[in-house]
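Q:
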Amino acid sequence: TYQPFDWDEYLKETNSEPAPQHCFKQTVNPPVNDFKVGMKLEALDPRNVTSTCIATVISVLGPRLRLRLDGSDNKNDFWRLVDSSEIHAIGHCEKSGGMLQPPLGFRMNASSWPMFLLKTLNGAEMAPSKIFQKEPSGPGINLFEVGQKLEAVDKKNPQLICCATVGAVKNDQIHVTFDGWRGAFDYWCKYDSRDIFPVGWCAKSGHPMQPPGQKNHAGARFRMRPASIPAPLPANHSPTTESLEADTSAPPPPPIVIHIRKACAGGPLIDSNQ
Ligand code: MLY
-12 TYQPFDWDEY LKETNSEPAP QHCFKQTVNP PVNDFKVGMK LEALDPRNVT
38 STCIATVISV LGPRLRLRLD GSDNKNDFWR LVDSSEIHAI GHCEKSGGML
88 QPPLGFRMNA SSWPMFLLKT LNGAEMAPSK IFQKEPSGPG INLFEVGQKL
138 EAVDKKNPQL ICCATVGAVK NDQIHVTFDG WRGAFDYWCK YDSRDIFPVG
188 WCAKSGHPMQ PPGQKNHAGA RFRMRPASIP APLPANHSPT TESLEADTSA
238 PPPPPIVIHI RKACAGGPLI DSNQ
């Protein structure tokens, strides 16, 4: 059975505070998701935000939708909250005087767009306007503080919402760092980004949450063993300066795995049979 991540325990273990709810552009109660796979809607093209396109719901996860632009390939899916201001019911664009556009990288000749649009909408299940929710207003200023914990979308794996920390604050931006992971996934975003959530949001909304990775010792200990079982001490352990220092020093780098196609000879130093 799925055990939600124990934030209370983790906050104690890491002696840290969650960023308060009022820092975020998110509702106190996560919005209900009544979208169904296959429904069509209008979405801003993430690669060309001046265009409104037709999108199809590919999957639903908590209050989020995995979307694919009709006429695009399956390599550019993106995720939106059901209360995103970037999605609307079909008809919204035209009502506001706009015209639906082919997505960037439309797989056909541009001249076939009008017929493509007609065919893609014919007989389609259109998401009813009542299941779209109004985007919350959010704070007018950056209220985050360095060290505060939050839940954040991993932009490189955008289906994931992960345990994260505010690593830095600068003007209207925050630096999101992922607990237990080296810097490769970190990013800067505006304080009112829709990709960051207060601690407990995933549990409340029924969205899975990624626990910390295993970069640091605290994270590893937290993940590996239930809280009730105390950490084993090495034989003859005494809290020497050396062991205290060891806890704060940089962790060893993880092993690097390189996959080599068997057919390729890697040179004299590579055993291609490994
Ligand atoms: N398969 C990927 C997943 C990384 C996820 C990192 N997030 C949680 C910050 C990898 O191991 O690189």
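Using the numbering used here, read the sequence shown as starting at -12 and increasing by one per residue. By construction, the Cβ of each residue, glycine as well, lies at the ideal position given by its N, Cα and C atoms.
1. Does the Cβ of Cys149 lie closer than 7 angstroms to at least one heavy atom of the ligand MLY?
2. Could you give the DSSP three-state label for Gly200: helix, strand or coil?
3. Less than 7 angstroms between the CB of Gln201 and some heavy atom of the ligand MLY, yes or no?
4. Tell me whether the region 115 to 125 and the region 61 to 77 touch, counting them as touching only if at least three CB pairs, one residue from each stretch, are closer than 8 angstroms.
5. Suppose only complete runs of 4+ residues qualify. What are the alpha helix (DSSP H) ranges in the region 28 to 104, listed by chain order?
6. To the nearest angstrom, report how far apart Lys177 and Arg169 are at their CA atoms.
7. Could you pull out every residue in the same chain whose Cβ sits closer than 6 angstroms to the Cβ of Ala42, ignoring the five residues on either side in sequence?
8. What's the gap between the Cα of Ser99 and the Cα of Phe165?
9. Does DSSP put Trp175 in a helix, a strand or coil?
10. Can you check whether the CB of Val24 is closer than 8 angstroms to the CB of Ile45?
11. Does at least one heavy atom of the ligand MLY sit under 7 angstroms from the Cβ of Phe172?
12. Return helix, strand or coil for Ala151, following the three-state DSSP convention.
13. May I ask you to check if the CB of Phe184 is nearer than 7 angstroms to at least one heavy atom of the ligand MLY?
14. Hey, how far is the Cα of Asn63 from the Cα of Pro89?
15. Three-state secondary structure (DSSP) at Leu137?
16. Kindly indicate which three-state DSSP category Arg212 falls into: helix, strand or coil?
17. Helix or strand or just coil, what does DSSP make of His194?
18. Does Lys(-1) pass the burial test, meaning 16 or more other C-beta atoms within 10 Å, or should it be called exposed?
19. Any heavy atom of the ligand MLY within a distance shorter than 7 angstroms of the CB on Gln8?
20. Once you ignore the five residues that flank Met86 on each side, which residues in its own chain have a CB closer than 6 angstroms to its CB?
21. What residue does the beta strand (DSSP E) around Phe165 start on, and which one ends it?
22. Cutting at 7 angstroms between CB atoms, please list the residues of its own chain near Val186, excluding the five before and the five after it.
A: Let me lay it out:
1. Correct: Cys149 has its Cβ closer than 7 angstroms to the ligand MLY.
2. Gly200 falls in the coil class under three-state DSSP.
3. No.
4. Because the criterion of three Cβ pairs below 8 angstroms is met, the region 115 to 125 and the region 61 to 77 touch.
5. Secondary structure within the region 28 to 104: the alpha helix (DSSP H) runs of 4 or more consecutive residues, fully enclosed, are 79 to 82 (chain order).
6. The alpha-carbon atoms of Lys177 and Arg169 are separated by roughly 21 angstroms.
7. Leu28, Ala30, Leu54, Leu56.
8. Rounded to whole angstroms, Ser99 to Phe165 spans 44 angstroms at the Cα level.
9. It is a strand residue.
10. Contact: yes.
11. It does: the Cβ of Phe172 is within 7 angstroms (strictly closer) of some heavy atom of the ligand MLY.
12. Strand, per DSSP.
13. Here the distance from the Cβ of Phe184 to the nearest heavy atom of the ligand MLY is not below 7 angstroms.
14. Separation of Asn63 and Pro89 (C-alpha to C-alpha, rounded to the nearest whole angstrom) is 14 angstroms.
15. Strand, per DSSP.
16. Bear in mind that a pLDDT of 41 at Arg212, under 50, signals an unreliable position, so the number given afterwards is only what the model happens to contain. In this structure, DSSP gives Arg212 a state outside helix and strand, which the three-state scheme calls coil.
17. If DSSP states are grouped into helix, strand and coil, His194 belongs with coil.
18. Counting Cβ neighbours within 10 Å, Lys(-1) comes out exposed, since fewer than 16 surround it.
19. Gln8 Cβ: outside cutoff for every heavy atom of the ligand MLY.
20. Annotation for Met86: no residue places its beta carbon closer than 6 angstroms to its own, counting only its chain and skipping 5 residues before and after.
21. Per DSSP, Phe165 belongs to the beta strand (DSSP E) from 160 to 165.
22. So the list reads Trp(-6), Pro5, Lys136, Leu137, Glu138, once near-sequence residues are dropped.
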